[in-house]
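According to the numbering used here, the sequence shown holds residues 73 to 633 in order.
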Amino acid sequence: MCKDWLDKKYLKNRRARVLKPVFSFLLVLTSWFSMGQVTTSIDSTSIKIGEQITYQIKVESEPEDLVLFPEGQSFKPLEMIESYAVDTIKKDANFELIKKYGLTQFDSGTYFIPKQKIVVGSKSYFTDSLKVEVNNIQIDTTKQGLYDIKPLIEVKKPSSNWFQTLLIILAVIVVLGALAYWFFFRKKPLTEEEKIALLPPYDRAKLALKKLEESPYLENSEYKQYYSELTLAIRNYLDEKVYDHALESTTDELINRLRLLKDGNQIDLSVETIKNLESILKRADLVKFAKSEPDKELAKLDRQTVDLEIDHVKEALPEPSEEEKLMDEQYKLEQERKLKRKKQWTLAGVIGAFIVLIFVGFGLKYGFSYVKDKLFQNNYLELMEGEWVDSAYGVPPVYMSTPEVLKRIDKDTDDSIMTKTTTFTYGSVEDLGVSVSTTVNQNQGQQQQGMQPQQGQQTPSNPEIDLNAAGEKIMKGFEDKGATNILTKQDKYTTPNGAEGLNVHGTFSVSGEEMNYSLFLFVAENNAVLQQILITWPQNQEYAEKIANRVVGSIELKKPE
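Shown next, in the form of structure tokens:
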């Protein structure tokens, strides 16, 4: 019985030993098939600092599958410096896609390229992480010597661009002057109509009759047009020299007016002249309104008669008096002044439009508010864009950048508490202001230098500096200067180089102006020095706030050991 049991157990263990490798092989094969269509590789596992390696992902997919490769900086801690285009190779009925990335690292050490996610159709695959060694560059000091770091070299500020600006301004002035001369002051050649308009009334009437004689109206039997210009010539002349309503008057009204002027001895016209004019004007009315067609020779005779009667009218006109001549001269001068004023207003409009266009152009590029402040010389904008000063104030030093150098103000030593305060200021609390104060406990400084009190002299105590009390003292100083509605908040503050202190900030009102303030308090030299930095600036002043933020961002102190 025992032997049978042992035989069965032996057979069972032997069957297990035989099947175990088979199961292991099947598991690996299954895993290979599940990952077989996504493979990764790198061209090197050991590189120097800054050297590039090529990371490759190869995917086998069906034509209808959408493949998504990693994008962006997903290879950290390694940095991707280049992503190459995907190469596609057709393999039987499927495609093989190859995607390459250029990777590097600028610090030595051992790094692992993290797993990358690749999406093929509706499935996601994750690659294995790969190890990369980044080695330092070995320098052979026997062949390449080592040298000290070169000192800082002061770079001269480039000279202003005033010459280029001057050339631009001169070019604009020349263009405006040329445009003004071309459109307003240049003597333009007169047109034919303008030349005729400048002729005296008599010459204008004679010229109109001459042109009518040369016209083809009679040859084309255009009697209406012919008589219209004929009567217009005589009526224009009479309107300007005899009766100023001759153009709009009917024939009967015009002839009656001429007879009244003759009877009143205002114009010495003969009866025959008036009769001839009446006959021609009435014939013209028949042609224009009754479509009458007179004989061609009669039409020619009417033109000759009008030409002759214009001479008679001119001879009958009285000589103008001196008063009339003066009035004519004044009229001409007034017309010239009107024309000159018109040109001036037009020129001013063109220059104004040009300035507006320049303002709009710069406004669209730089912002209308900035252009306006630049044009009207906003003081805060000038300070912000001016040359700033980087300096250190007090001992231990407070490093900061300001638009102007802070001026030093020494205060007397308080012998009762053995302190001395040194203050550097710019501006005031009623406007943009910056101040740095350093209060030194001189007794503590003597102790640090190893100085001992004299015999019989009591060693003064060194109380802990209370930053809150120092802040309240500054607030009391605001009140002494007339500040009201003081609002205060407190936060811990750390400078960019790691010095820790207290930031007291808020708002107050002074002289009708709403102000912001920011006070920074630090303790240095083992509780021997109190450092205070106060910045004030008006509210709703964009450039003042930018100046304050820039000053705050530049504050650096000696980091306590």
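All residues carry an ideal CB built from backbone N, CA and C; glycine is no exception.
DSSP, reduced to helix, strand and coil, places Trp417 within a helical segment of the structure shown. Residues of the same chain with a CB within less than 8 Å of the CB of Tyr309, apart from the 5 flanking positions on each side, are Pro273, Tyr274, Arg276, Ala277, Ile382, Val385 in chain order. When the beta-carbon positions are compared, Leu175 and Phe147 come within less than 9 Å of each other.
Relative to the Cα of Leu349, the nearest Cα in the group Glu325, Ser364, Glu369, Asn337 belongs to Glu325. Here Lys412 is exposed, its C-beta having fewer than 16 other C-beta atoms within 10 Å.
For Pro273, the uninterrupted alpha helix (DSSP H) segment begins and ends at 273-286. With fewer than 16 neighbouring CB atoms inside 10 Å of its own CB, Pro288 falls in the exposed class.
Your pair Ile619 and Val508 does not check out as a contact, with CB atoms roughly 16 Å apart and the cut at 8 Å. When Cβ pairs closer than 8 Å are counted between the two stretches, the stretch 127-143 is seen to touch the stretch 190-209, the count reaching three or more. Leu281 and Ala305 do touch by the CB rule: their CB atoms are close to 6 Å apart, below 8 Å. For Ile537, the closest C-alpha among the options Tyr465, Asn598, Val359 is that of Asn598. Take His577, set aside five residues on each side of it, and the residues of its chain with a beta-carbon closer than 6 Å to its own are Lys561, Ser590, in chain order. Apart from the 5 residues on each side of it in sequence, Ala157 has no Cβ closer than 8 Å to any other Cβ in its chain. Less than 9 Å divides the Cβ of Phe592 from the Cβ of Asn575.
Counting every other CB atom within 10 Å of its CB across the protein chains shown gives Arg409 a total below 16, marking it as exposed.
Separation of Glu123 and Tyr498 (C-alpha to C-alpha, rounded to the nearest whole angstrom) is 52 Å.
Across the structure, Ser118 and Gln177 are spaced so that their CA atoms are roughly 11 Å apart.
Counting only residues of its own chain and dropping the five nearest sequence neighbours on each side, Glu617 has a CB closer than 7 Å to the CB of Trp609. In the three-state reduction of the DSSP assignment, Glu365 falls in the coil class. Counting only residues of its own chain and dropping the five nearest sequence neighbours on each side, Thr579 has a CB closer than 6 Å to the CB of Leu559, Asn588. Approximately 6 Å separates the beta-carbon atoms of Phe594 and Ala571; this is inside 8 Å, confirming the contact.
Nearest to Lys347 by alpha-carbon distance, out of Thr377, Glu401, Asn337, is Thr377.
The alpha-carbon of Ser342 is positioned some 29 Å away from that of Glu365. When DSSP states are grouped into helix, strand and coil, Trp460 belongs to the coil group.
Leu333 and Ala371 have their alpha carbons spaced roughly 28 Å apart. Straight-line measurement puts the Cα of Gly573 at about 6 Å from the Cα of Thr566. Going by C-alpha positions, Leu455 is about 12 Å away from Val477.
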